[in-house]
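Participant:
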Amino acid sequence: MKGRVLIIDSDREDSEALRRELQDSGYEVLTESSSGSGVEVADTFAPIAIVIDPSANGADAFVLLKEIRARQPHTPIILTARNSSIETAMRAIQEEGAYHYFEKPVDPEKFLVVLERAVELAETRRENEILRRQLRDRGAFGELVGNSETMQEVYLLIEQVASSSASVLITGESGTGKELVARTIHNLSPRRNAPFLAVNCSAIPDTLMESELFGHEKGAFTGAVSRRHGCFELANTGTLMLDEIGEMPSLLQAKLLRVIEERVVHRLGSRKDIPVDIRILAATNKEPHGAVRDGTLREDLLYRLNVITIHLPILADRMEDLPLLAQHLVTTLAAKHNRPARFISPAALDALRYHSWPGNVRELRNVLERAVVICSGEQIERHHFAPYPFEQRQRLRSEDTVTFPVGTPLEEIERQMILRTLDKTGNNKTKAAELLNVSLKTLHNKLNAYRARGLVSKLGEKK
Ligand SMILES: Nc1ncnc2c1ncn2[C@@H]1O[C@H](COP(=O)(O)OP(=O)(O)O)[C@@H](O)[C@H]1O
Ligand SMILES: [Mg+2]
106 MKGRVLIIDS DREDSEALRR ELQDSGYEVL TESSSGSGVE VADTFAPIAI VIDPSANGAD
166 AFVLLKEIRA RQPHTPIILT ARNSSIETAM RAIQEEGAYH YFEKPVDPEK FLVVLERAVE
226 LAETRRENEI LRRQLRDRGA FGELVGNSET MQEVYLLIEQ VASSSASVLI TGESGTGKEL
286 VARTIHNLSP RRNAPFLAVN CSAIPDTLME SELFGHEKGA FTGAVSRRHG CFELANTGTL
346 MLDEIGEMPS LLQAKLLRVI EERVVHRLGS RKDIPVDIRI LAATNKEPHG AVRDGTLRED
406 LLYRLNVITI HLPILADRME DLPLLAQHLV TTLAAKHNRP ARFISPAALD ALRYHSWPGN
466 VRELRNVLER AVVICSGEQI ERHHFAPYPF EQRQRLRSED TVTFPVGTPL EEIERQMILR
526 TLDKTGNNKT KAAELLNVSL KTLHNKLNAY RARGLVSKLG EKK
């Protein structure tokens, strides 16, 4: 069974016709002829979608819609009606969040496509909502941990890009969590049940990379003793993460660009088009425009991938996340190794705070993994980190400088500068306004404007 669908329509003939179509396609259907009973039934029947003719029983269509929305905020609503005005339909979609509108008689084929899409979207939304709640409670987003303003921005971006198939470029130093971000995007996307494959271009010799990515036919080159499927075929319908994209030879970057644009691959030694439906997430630990200047990244590929960029901050720039991250890692690693460690002593945490973390979260994880393994009690102490050579001075935080490519819109410079200053002041708005030399009121107004445009998450706001 594909799920339950509730139809609220006073016209028996219409609802019966639709019921038959939906049942034939594997849905379980319940029809209600009055809006009152429809609303009641919706609570217990737990439908995955609700189909409503707003003229059912002459009730005010909008009252009915509002009521259903309030009770079933995540269930998509599809409207069907005869001869109703386009204005009513638009209003229902815009104001009441109805998913789609069909003029009767309903074309069953189109209806089924829309229904499937609506259900998929609702599922993604529901999962995002769960994640958002987690985030509010624990400063985490999926497996990503961190409560800093910069990480909140990352979560918001992930949420925005997850549902589409757009390519995303993930930048950040080694160990900042690029692969984890890629996995999170995949897990939140409609492709989550299809494969996720991560290929590290710096780990594959140039000579083998083409066959690794695109596959080969038997005899395509010396040593090709049998046919081999490439990563594109293996990850088909899913997500392919290309890590360290700048390490890919230029010729292959050109081929990759063609695959992205034409959505077909050719195995080495074959001219046959193999259609692929793949979402590409590319990652690099270099500044991408710099990599273009150095000749390691093709400009045309960067432009194709750069539609959305998610930049991950270095750990030294989000030290306020350190306690949360460290605690999360201790819990996970203790479970993994079946060890008793549960907490980190304040002195030990201080020691971690002094370090500059050039290896970012990966380095933190390594340090804590070792400590968890050797710690025989519940509490991790400073000496469990020995002989780890912590430098006893803070690295110059790159937080104190912000760079923008030439031509960055002034508005964007202003926004980032405000967010970074807030980060530095630990979200103290009075201090931030002082540093930025604007009034507190101006700062508040700007933040409100960003929030209204969805450019900064409400949840990122600490009181
Ligand atoms: N925000 C984060 N929250 C929790 N764990 C993280 C976070 N960022 C990185 N990690 C962990 O640090 C390690 C390195 O992350 P990874 O995604 O491989 O980094 P990168 O691909 O940028 O080198 C992994 O074990 C990952 O789970
Ligand atoms: Mg990596």
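In terms of my numbering, the sequence shown opens at residue 106 and continues consecutively. Even glycine gets a Cβ: it sits at the ideal position worked out from N, Cα and C. A quick note: this is a predicted structure, and the numbers were derived from the prediction, not measured.
Assuming L123 and V218 make a contact with CB atoms under 8 Å, what is their CB distance in whole Å?
Facilitator: Not really, about 14 Å apart at Cβ, beyond 8 Å.
Participant: With 16 other CB atoms within 10 Å as the buried threshold, where does F573 fall?
Facilitator: Absent from the structure is residue 573, since the part of the chain shown begins at 106 and ends at 568.
Participant: Taking M424 as part of the beta strand (DSSP E), name the residues at either end of that continuous run.
Facilitator: First-last for M424: undefined, no H or E at that position.
Participant: Am I right that F207 and T180 are in contact with their C-beta atoms under 8 Å? What's the rounded C-beta distance?
Facilitator: So it is not a contact: roughly 17 Å between Cβ atoms.
Participant: The beta strand (DSSP E) that contains R569, what's its start and end?
Facilitator: Examination of residue 569 is not possible in this model, given that the chain is present from 106 through 568 alone.
Participant: In the structure shown, what three-state DSSP assignment does A303 receive?
Facilitator: Of the three classes helix, strand and coil, the one that applies to A303 here is strand, per DSSP.
Participant: Using the C-alpha atoms, what's the distance from L313 back to K323?
Facilitator: Looking at the two C-alpha atoms, the distance is approximately 15 Å.
Participant: On the three-pair Cβ rule with 8 Å, is the region 478 to 493 touching the region 444 to 457?
Facilitator: The region 478 to 493 vs the region 444 to 457: in contact.
Participant: Using a strict less-than 7 Å threshold between each residue's beta carbon and the heavy atoms of ligand 2, what residues do you get?
Facilitator: Taken from the N-terminal end onward, the list reads S279, K283, E284, N305, D348 and A388.
Participant: When you compare only the Cα positions, how much space is there between F326 and S355?
Facilitator: Near 21 Å, if we compare the C-alpha coordinates of S355 and F326.
Participant: Assuming T276 is part of the beta strand (DSSP E), what are its boundary residues?
Facilitator: Note, T276: beta strand (DSSP E), V273 to T276.
Participant: With a threshold of 8 Å, are at least 3 pairs of Cβ atoms found where one atom belongs to the region 259 to 269 and the other to the region 399 to 408?
Facilitator: Not touching, per the Cβ criterion.
Participant: Between K127 and the rest of its own chain, which residues show a CB-CB distance below 7 Å, the 5 nearest in sequence each way excluded?
Facilitator: The sequence shown places Leu at residue 127, not Lys. V110 and V134, listed in sequence order.
Participant: Might you give, ordered along the chain, the residues of its own chain that have their beta carbon closer than 6 Å to the beta carbon of R500, omitting 5 neighbours on each side?
Facilitator: For R500, the pLDDT reaches just 46, beneath the cut-off of 50, and the residue's location in the model is therefore unreliable, leaving the point undetermined.
Participant: Under the rule that 16 or more other beta-carbon atoms within 10 Å means buried, what is V511, buried or exposed?
Facilitator: With fewer than 16 other Cβ atoms within 10 Å, it is exposed.
Participant: In three-state terms, what does DSSP make of V218?
Facilitator: Helix, per DSSP.
Participant: From E121 to T149, what does the alpha carbon distance come to, in whole angstroms?
Facilitator: Roughly 21 Å separates the two Cα atoms.
Participant: Express the C-alpha separation of I449 and V507 in angstroms, rounding to a whole number.
Facilitator: Distance between the alpha carbons of V507 and I449 is about 33 Å.
Participant: Would you give the residue range spanned by the beta strand (DSSP E) that M353 belongs to?
Facilitator: Run containing M353: none; DSSP gives neither H nor E here.
Participant: Hey, out of D426, V412, I415 and V477, whose CA is closest to N443's CA?
Facilitator: Nearest C-alpha to N443: V477.
Participant: Do D382 and R372 count as a contact pair if the criterion is CB distance below 8 Å?
Facilitator: Contact: no.
Participant: Considering only residues of the same chain and omitting the five flanking positions on each side of F479, which have a CB-CB separation below 7 Å?
Facilitator: For clarity, residue 479 is Ile in the given sequence; the question names Phe instead. If we look at I479 and ignore the five residues flanking it on each side, its Cβ neighbours are H489.
Participant: Can you grab the Cα-Cα spacing for the pair A267 / V304, in whole Å?
Facilitator: Those two C-alpha atoms are separated by around 20 Å.
Participant: Measure the C-alpha to C-alpha separation of R363 and V370 and round it to an integer number of angstroms.
Facilitator: Using only the alpha carbons, I get a separation of about 9 Å.
Participant: Pairs of beta-carbons, one from the region 380 to 395 and one from the region 271 to 287, closer than 8 Å: are there three or more?
Facilitator: As far as the Cβ criterion goes, the region 380 to 395 touches the region 271 to 287, which means the pair count is three or higher.
Participant: Report, in whole angstroms, the separation of the C-beta atoms of R117 and S140, which I expect to be a contact under 8 Å.
Facilitator: Going by Cβ atoms, the distance from R117 to S140 rounds to 15 Å, so no, they are not a contact pair.
Participant: Are there any heavy atoms of ligand 3 lying less than 7 Å away from the beta-carbon of R475, as far as the coordinates show?
Facilitator: This structure lacks ligand 3; its bound ligands are ligand 1 and ligand 2.
Participant: Compute the Euclidean distance between the alpha carbons of N465 and A440, then round it to the nearest angstrom.
Facilitator: Roughly 22 Å separates the two Cα atoms.
Participant: Could you tell me whether the Cβ atoms of L417 and V286 are closer together than 8 Å?
Facilitator: Closer than 8 Å, so yes.
Participant: Nearest to I350 by alpha carbon, out of L407, G328 and R558?
Facilitator: Of the listed residues, the one whose Cα sits closest to I350 is L407.
Participant: Suppose contacts are defined by Cβ-Cβ distances below 8 Å. Is V156 in contact with I191 by that definition?
Facilitator: Cβ distance not < 8 Å, so V156 and I191 don't count as in contact.
Participant: How close, in whole Å, do the beta carbons of I385 and L429 come, if the pair is a contact with beta carbons under 8 Å?
Facilitator: 31 Å between Cβ atoms; not a contact.
Participant: My output table needs one value for R117: the three-state DSSP class, helix, strand or coil.
Facilitator: Three-state result, R117: helix.
Participant: Only counting the same chain, and skipping five residues up and downstream in sequence, which positions put a Cβ closer than 7 Å to that of L339?
Facilitator: Result list for L339: P300 and L302, in chain order.
Participant: Quick one: using the 10 Å Cβ neighbour count with 16 as the cut-off for buried, is P159 buried or exposed?
Facilitator: Label assigned to P159: buried.
Participant: DSSP three-state call for A154: helix, strand or coil?
Facilitator: Strand, per DSSP.
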